[in-house]
Amino acid sequence: MTPITPKTPIKKNELVLLIIILVATLGGLAISFSLSRDVAKRLAGAKEAAEPVKLNVIKITANCPECLDIAAALNDLKKQPIALSEEKEISFDSPEGRELTSSLGIEKIPAYIVRGDIKNKKLAAFFEANGKIVGDSFVFEKVQPVFVTPQSGEKHGQLAALVLYSAVQCPACTDPAPLLEQFKAGGISASSSTTRTVDPRGAEGQTLVKNYRITSLPTILLQGETKLYEQLVSARFGTIEPDGTFVFRAVSPPYFDAEKNRVAGVVELISLVDGSCKECYDVGQHELILKGTFGVKIGSSKIIDASSAAGKRLIKQYSIAAVPTVIISPDLSAYDQLVSIWPQVGTAEKDGWYVFRELKALGGVAYKDLAANIVVNPVKAAGNATSTVK
Numbered sequence: 002m003t004p005i006t007p008k009t010p011i012k013k014n015e016l017v018l019l020i021i022i023l024v025a026t027l028g029g030l031a032i033s034f035s036l037s038r039d040v041a042k043r044l045a046g047a048k049e050a051a052e053p054v055k056l057n058v059i060k061i062t063a064n065c066p067e068c069l070d071i072a073a074a075l076n077d078l079k080k081q082p083i084a085l086s087e088e089k090e091i092s093f094d095s096p097e098g099r100e101l102t103s104s105l106g107i108e109k110i111p112a113y114i115v116r117g118d119i120k121n122k123k124l125a126a127f128f129e130a131n132g133k134i135v136g137d138s139f140v141f142e143k144v145q146p147v148f149v150t151p152q153s154g155e156k157h158g159q160l161a162a163l164v165l166y167s168a169v170q171c172p173a174c175t176d177p178a179p180l181l182e183q184f185k186a187g188g189i190s191a192s193s194s195t196t197r198t199v200d201p202r203g204a205e206g207q208t209l210v211k212n213y214r215i216t217s218l219p220t221i222l223l224q225g226e227t228k229l230y231e232q233l234v235s236a237r238f239g240t241i242e243p244d245g246t247f248v249f250r251a252v253s254p255p256y257f258d259a260e261k262n263r264v265a266g267v268v269e270l271i272s273l274v275d276g277s278c279k280e281c282y283d284v285g286q287h288e289l290i291l292k293g294t295f296g297v298k299i300g301s302s303k304i305i306d307a308s309s310a311a312g313k314r315l316i317k318q319y320s321i322a323a324v325p326t327v328i329i330s331p332d333l334s335a336y337d338q339l340v341s342i343w344p345q346v347g348t349a350e351k352d353g354w355y356v357f358r359e360l361k362a363l364g365g366v367a368y369k370d371l372a373a374n375i376v377v378n379p380v381k382a383a384g385n386a387t388s389t390v391k
């Protein structure tokens, strides 16, 4: 018979070690469980984020070809993370259309209604920017003119355009027809059937010029419910008059000055040169800059040599220190953008003419210093930057 031997007692330090191992094991299990739960939660969140929001749409339309294209407007919604289970179209004057427009407070047609998971956070920003939520429906309200009011069935926002223009009055002026097309491209509704040209020299034209205090021609007048167009209400390029007529006032030169009864913005350009200076820059680049960069209309141009009587007279009259340069007639004042920066490159004289003086602004060009009687050529190496002209 095998004798029973007592078990070896566990030492105190071994017991402590066992407890530490047990605690660590349980802690690891707890952390593992917590991580697993966190991962599961994240996976569930990612799955939810990836799933499209299920919606259905009802388009409410009217027999209005010039109205907002509601299908195009709906495309913005379709760009969101959604899945449409149903999309149908009804007329605003149908029984269902009348019921929906009345119960949801819809004031402009065409429109669309969205139902389904409309409280989903993924669509909150879009819905806030484009309409309102009424009960279990989102109502699209970002309807620009032209639109129909469902209560009356009347169309609103169709404007009439009057083009005040006469090529005889101002041959140099630009036909404003392309400008009207830009208005239309910007969302302004003015069809060809509601557009006509008015000669500003005639009785009707003169009345319009007087009544709306028009100072620059040609221009465009828009008549009708212009205040429905936010782009006209906030426009800096025109004004809405008390009777609702929008008057385009940012007329680009050249234009006909109705107050002075003359064409403004057609300039005379005088190029002052020194024929003996073969190194001097080509003065013709001024004309290219004026035309190409600033759209200046040059009616006439001439070249005057600094050694001629006319040249000497100009040099003395305007205290010109270097040539080549240009002198431009007072009509340059019609070009606001250019006039605003002209002090950086030249002077506006008391007689209204403009003299270009900062030749360095052209960047490294050669020119004749009249006082020193030398040609200054910045391109040449230092110490050999000038050469005396006999």
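Numbers in the working numbering are just positions in the sequence shown, counted from 1, shifted up by 1.
C-beta atoms are modelled at their ideal positions from N, C-alpha and C, and glycine is treated no differently.
Buried or exposed: where does residue i fall if 16 or more other Cβ atoms within 10 Å of its Cβ makes it buried?
| i | result |
| --- | --- |
| A373 | exposed |
| I329 | buried |
| S272 | buried |
| V380 | exposed |
| V169 | exposed |
| A178 | exposed |
| A63 | buried |
| V234 | exposed |
| K80 | exposed |
| D337 | exposed |
| D70 | exposed |
| T294 | exposed |
| A265 | buried |
| P53 | exposed |
| V297 | buried |
| A47 | In this predicted model, A47 has a pLDDT of only 48, less than 50, meaning its place in the structure is not dependable; the value taken from the coordinates is given anyway. A47 is exposed by the Cβ-count criterion. |
| S103 | exposed |
| K313 | exposed |
In angstroms, rounded to a whole number, what distance separates the CA positions of residue i and residue j?
| i | j | result |
| --- | --- | --- |
| C174 | Q207 | 18 Å |
| L222 | E129 | 35 Å |
| L78 | P111 | 15 Å |
| V377 | A323 | 10 Å |
| S167 | L209 | 14 Å |
| F93 | V115 | 16 Å |
| L275 | Y319 | Before going further, note that residue 275 is Asp rather than Leu in the sequence given. Each residue's Cα considered, the two are about 16 Å apart. |
| V284 | T246 | 47 Å |
| S341 | A204 | 37 Å |
| F249 | A162 | 11 Å |
| S309 | T220 | 44 Å |
| D306 | A335 | 28 Å |
| L85 | V149 | 26 Å |
| Q286 | K261 | 32 Å |
| A45 | K123 | Model confidence at A45 stands at a pLDDT of 46, short of 50, so the residue's coordinates are unreliable; what they give is reported in the following sentence. Rounded to whole angstroms, A45 to K123 spans 16 Å at the Cα level. |
| L218 | P255 | 9 Å |
Over what stretch of residues does the alpha helix (DSSP H) that includes residue i continue unbroken?
| i | result |
| --- | --- |
| A74 | 71 to 79 |
| L222 | Element bounds for L222: not the alpha helix (DSSP H) but the beta strand (DSSP E), 220 to 224. |
| G98 | 96 to 104 |
| E182 | 178 to 186 |
Nearest to residue i by alpha carbon, out of the options?
| i | options | result |
| --- | --- | --- |
| T216 | S194, G239, T196 | G239 |
| I241 | F257, V252, Y166, Q224 | Q224 |
| V346 | D137, L363, R202, D337 | L363 |
| K89 | I305, S193, N57, V140 | N57 |
| K279 | I189, I375, R250, D258 | I375 |
| C68 | H287, D244, G154 | G154 |
| A259 | N121, S193, P325, C171 | C171 |
| R197 | F148, V135, R358, L160 | L160 |
| V199 | I189, D176, K185, G187 | D176 |
| G301 | L333, K317, L315, P344 | A small correction: the amino acid at residue 301 is Ser; Gly does not occupy that position in the sequence shown. Checking every option, the nearest Cα to that of S301 belongs to L333. |
| R237 | A191, A349, V252, E226 | V252 |
| P152 | E100, V140, V327 | In the sequence as displayed, the identity of residue 152 is Gln instead of Pro. Comparing Cα positions, the closest option is E100. |
| G188 | K156, L229, L218 | L229 |
| I325 | F357, T348, P331, I59 | Checking the displayed sequence, the identity of residue 325 turns out to be Pro instead of Ile. The option with the nearest alpha carbon to P325 is F357. |
| Q145 | G136, V135, E359, K156 | K156 |
| V327 | T102, F257, W354 | W354 |
| E97 | V147, N121, I61, L270 | I61 |
| K317 | K133, L371, L289 | L371 |
So residue i is in the beta strand (DSSP E); what residue range does that whole segment cover?
| i | result |
| --- | --- |
| L339 | Looking at the DSSP string, L339 is not in any beta strand (DSSP E); the run it does join, the alpha helix (DSSP H), is 337 to 342. |
| S196 | It is Thr, not Ser, that sits at residue 196 in the sequence shown. Counting along the chain, the beta strand (DSSP E) containing T196 begins and ends at 196 to 199. |
| T348 | 347 to 349 |
| G132 | 132 to 135 |
| T208 | Segment 204 to 212 is the alpha helix (DSSP H) holding T208; no beta strand (DSSP E) there. |
| V356 | 355 to 357 |
| V377 | 375 to 377 |
### Length at least 3, wholly inside the segment 248 to 331: the beta strand (DSSP E) runs in chain order
256 to 258, 263 to 265, 267 to 274, 298 to 306, 326 to 329
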